[in-house]
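Trainee:
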Amino acid sequence: MSNPFEKSDAEYVVLVNDEAQYSLWPADGAVPEGWSVDLPPNPRQVCLDHVAEHWTDMRPRSLARAGSEG
Numbered sequence: 495m496s497n498p499f500e501k502s503d504a505e506y507v508v509l510v511n512d513e514a515q516y517s518l519w520p521a522d523g524a525v526p527e528g529w530s531v532d533l534p535p536n537p538r539q540v541c542l543d544h545v546a547e548h549w550t551d552m553r554p555r556s557l558a559r560a561g562s563e564g
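Taking my numbering, I'd label the letters of the sequence shown as residues 495 to 564.
(1) Give me the Cα-Cα distance between Lys501 and Leu557, rounded to the nearest whole angstrom.
(2) Please list the terminal residues of the continuous beta strand (DSSP E) segment that includes Asp532.
(3) Using DSSP with H/G/I as helix, E/B as strand and the rest coil, what is Val545?
(4) Which residues mark the beginning and the end of the beta strand (DSSP E) in which Ser517 is found?
(5) Can you tell me which of the three DSSP states Val525 falls into?
(6) State buried or exposed for Val545, treating a residue as buried only when at least 16 other CB atoms are found within 10 Å of its CB.
(7) Express the C-alpha separation of Gln515 and Arg555 in angstroms, rounding to a whole number.
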């Protein structure tokens, strides 16, 4: 059985949650509760590039805010 998250020839979407965390997700999969589509279906590498460009702080949003308040 192959991993649906590592198919180089498949299309994926980029998901984001309320904590500004990103996830690569198979385009034909149901979007999990608490997540929304940030980038519509694209080739895997386009999605990976999008995540690399936009997810520059790996901390959850709430933790990043708490750190900037101190």
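Quick reminder that beta carbons are idealized off the backbone N, C-alpha and C, glycines included.
Mentor: Per the coordinate set shown:
(1) 33 Å
(2) Trp529 to Pro537
(3) helix
(4) Unbroken beta strand (DSSP E) run through Ser517: Tyr516 to Pro520.
(5) coil
(6) buried
(7) 8 Å
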